[in-house]
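Those protein sequences? They're chains A and B, same order as listed.
The first sequence begins at 1 in this note's numbering and counts up one residue at a time.
The second sequence begins at 1 in this note's numbering and counts up one residue at a time.
The beta-carbon is built from N, C-alpha and C at its ideal position, and this holds for glycine as well.
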Amino acid sequence: MSSNDNAASDAVAGTTVAEIDRDEAFLEAVADVYGETRAAFVRRLAVGSGVLVAALAATPEATAANRDGKILNFDLVFEYLQSSFYLDAVDVGTIRRMPREKERWARVLGAHEVAHVRILKGVLGDKAVKKPFFDFHGVTESEAEFTRTAVAMEDLTVALLAGQAPRFANRALTAAVFSLLTVEARHAAWARRIAGFVPVDKSIDGAKPIAAVRRVVASTRFIAARPRTRRRRHPRFTG
Amino acid sequence: MLGVVAVATLGAAGVLRGRASTGDVPVRPEATTPSLPGPVAPAFTVATPRALSSRPARAIWAAVRLPTIARRAPNVASAAVTSLSTETPEETANLVLVVGRRRVGRSLWVRARLPVLPNNTLGWVRRDALGGYQVVSTHLVVDRERLDATLYRDGRPIFHAPVAVGTPQWPTPAGSFYVRNRLTTFPESFYGPVAFGTSARSAVLTDWPAEGFVGIHGTSQPELIPGRVSHGCVRMRNPDILQLARLMPVGTPLTIR
């Protein structure tokens, strides 16, 4: 090691991972692979510390099962988003007003997404995350916007599941999620055809990591704060 | 090309036909092809769903996300009906009941039932001032003649109870309203264990604190139910209001007749 290397080593001594990783790209990757708890632990560790290596190296069985649950829960959130999207369009009458073939497409896809939610909730049991609150900002109230967004959502689902299916420690979960993936790929092709796009425009599909999907979902602002409708306080109604 | 070779190979091995081409002697595939592991059994499978049907007529509510003006027509130049804040006097989200929508140019407008006097007022609100839609399948009907309340779910009665309503001097207003919040855990027992706030307002007690909204709540005087004894609120016996609280979500349309 040169003297310059030693100086650099001295300079980072005592520096935490969080200080170096200002945009949190590294910590986000750690959270993806090892879970949020370990990412929070790593955040506080000093760069160059042997503990950091140990923290990242240890992957006990429990962590693998835990990670499988986290991946499934993220998939569940995405299925909640999709099923709510189609149900919202049913409730506001957008789907009922569509031409016959398009209406059939939307009703079939919506039913599939509802079924996916049901099965993922069943698999996760009491570890299933609660359904978020959704605000589609009027997108479900316009046939054109609804259709365009459905295409984007189905394409994104395919990329999400392609990225996550191989990550399960439990191969039976990989097999099951692959069976969802093939259905979602057909959804995407059907949605593209309905919207007038080429059903398959690439010879190979890219996968997306959870962090990338999370960013896309965040950019839509479809997941919103739940309005507060209950309070613990004294009423002042007319009595 | 690879596919053609593969099909030819499989065919020659008898995999596709299950028999050798030269005679009737059966050829087992595993005898001529390398043993490969079978597919992994999936952890779950999804039953074949039925296509989404239109759900029975349901009510839609939305919270006011941004302070806004409700107007007589879906047009920013139209006369104002009222201004809408994001919170109720009880510091819960201010809800409106969605009864229609119209696209005007690039703007989407929502026709909404409003929590203002005169009761039964409707107005047009820009969609982007509202939050996400929520759907309810319940409907509460209060009958001032029969002094009772019935809760319907998908058109079927699921709850029925006697009530007390306003005196002739302070009548419970008639009309179409909605439930807009739910309050619990208050120290004194006059309102019982649960109180629902509604969009209905007393037309006579206009100087009542917190704008004189009509509530549906329990009571510390169950012996007065049924009766015409309140300042406009709908009172129920405490076991009844507790049961109603288990069945009726916020946003439920309310008809008082």
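Have a look at residue i and residue j and give me their C-alpha separation to the nearest angstrom.
i: B/T22; j: A/D68; result: At B/T22, the pLDDT of 43 sits below 50, so the modelled position is not reliable; the number obtained from the coordinates is stated separately. When rounded, the distance between both Cα atoms is 51 Å.
i: B/T185; j: B/L242; result: 12 Å
i: A/K131; j: A/A224; result: 11 Å
i: B/N75; j: A/T63; result: 57 Å
i: B/R106; j: B/G215; result: 39 Å
i: B/M1; j: A/R148; result: With a pLDDT of 40 at B/M1, under the threshold of 50, the modelled position of that residue is not reliable, and the figure given next carries that caveat. One C-alpha to the other measures close to 37 Å.
i: B/L36; j: B/V250; result: 58 Å
i: B/R55; j: B/R113; result: 22 Å
i: B/V229; j: B/A245; result: 22 Å
i: B/S176; j: B/P253; result: 7 Å
i: B/R72; j: B/R103; result: 15 Å
i: A/Y86; j: B/S53; result: 11 Å
i: B/R144; j: A/P235; result: 23 Å
i: B/A62; j: B/Q134; result: 6 Å
i: A/S84; j: A/A175; result: 26 Å
i: A/S179; j: A/L72; result: 14 Å
i: A/V200; j: A/Q82; result: 21 Å
i: A/A212; j: B/A59; result: 36 Å
i: B/S199; j: B/P171; result: 15 Å
i: A/A185; j: A/G122; result: 23 Å
i: A/R233; j: B/P187; result: 9 Å
i: A/W105; j: A/W190; result: 8 Å
i: B/N94; j: A/R96; result: 30 Å
Tell me the DSSP bridge mates of residue i?
i: A/N170; result: Per DSSP, none; premise fails for A/N170.
i: B/N181; result: B/G197
i: B/W61; result: B/L97 and B/Q134
i: B/V104; result: B/S107
i: B/W124; result: B/R71 and B/R111
i: B/E87; result: B/A93
i: B/V142; result: B/A149 and B/I256
i: B/P209; result: In DSSP, B/P209 forms no bridge with anything.
i: B/V165; result: B/R228
i: B/G215; result: B/G197
i: B/P157; result: B/Y152
By alpha-carbon positions, which one of the options ends up nearest to residue i?
i: A/R44; options: A/K70, A/A128 and A/T16; result: A/T16
i: A/F168; options: A/P99, A/K70 and A/V129; result: A/K70
i: A/G110; options: A/H234, A/D135, A/V183 and A/G122; result: A/V183
i: A/Q226; options: A/F134, A/V90 and A/N170; result: Per the sequence shown, residue 226 of chain A should be read as Arg rather than Gln. It is A/F134 whose Cα lies nearest to the Cα of A/R226.
i: B/L117; options: B/M248, B/P42 and B/A203; result: B/A203
i: B/L66; options: B/M236, B/V125 and B/Y178; result: B/V125
i: A/F237; options: B/N120, B/A161, B/F190 and B/R103; result: B/F190
i: B/G197; options: B/R103, B/Q221, B/V96 and B/V81; result: B/V96
i: B/V110; options: B/A70, B/V81, B/L247 and B/R153; result: B/A70
i: B/D148; options: B/M248, B/A161, B/P157 and B/A57; result: B/A161
i: B/Q169; options: B/C233, B/A79, B/A43 and B/G38; result: B/C233
i: B/M248; options: B/A57, B/V179, B/A43 and B/P42; result: B/V179
i: A/E79; options: A/I95, A/R118 and A/A106; result: A/R118
i: B/P115; options: B/A57, B/F213 and B/G227; result: B/F213
i: B/R201; options: A/F222, A/I210, A/A150 and A/G239; result: A/G239
i: B/M236; options: B/V46, B/V163 and B/V81; result: B/V163
i: B/R101; options: B/D128, B/D154 and B/A79; result: B/D128
Do residue j and residue i have their beta-carbon atoms positioned less than 8 Å apart in this structure?
i: B/V40; j: B/L130; result: no
i: B/A256; j: B/A174; result: For clarity, residue 256 of chain B is Ile in the given sequence; the question names Ala instead. Yes, the Cβ-Cβ distance between B/I256 and B/A174 is below 8 Å.
i: B/F159; j: B/T167; result: no
i: B/G132; j: A/F136; result: yes
i: B/E87; j: B/N181; result: no
i: A/L181; j: A/V158; result: yes
i: B/L122; j: B/V99; result: yes
i: A/L76; j: A/A128; result: yes
i: B/T92; j: A/R230; result: yes
i: A/V114; j: B/P157; result: no
i: A/G163; j: A/A218; result: no
i: A/V177; j: A/L161; result: yes
i: A/T140; j: A/V92; result: yes
i: B/N238; j: B/P193; result: yes
i: B/A43; j: A/N170; result: yes
i: B/A195; j: B/L205; result: no
i: A/H187; j: A/E143; result: no
i: B/V165; j: A/H116; result: no
i: B/L108; j: A/G138; result: yes
i: A/F74; j: A/I204; result: no
Should residue i be listed as close to the ligand MG, given that the test is whether its C-beta is under 7 Å from any heavy atom?
i: B/A161; result: With respect to the ligand MG, the structure offers nothing, as it holds no ligand at all.
Chain E partners of residue i, CB-CB under 8 Å?
i: A/Y86; result: Structure shown: chain E not included; protein chains present are A and B.
Q.
Quick check: the region 190-207 of chain A against the region 94-105 of chain A, are at least 3 beta-carbon pairs closer than 8 Å?
A. yes
Determine, using beta-carbon pairs with one atom in the region 135-143 of chain B and one in the region 204-211 of chain B, whether at least three such pairs fall under 8 Å.
-> no
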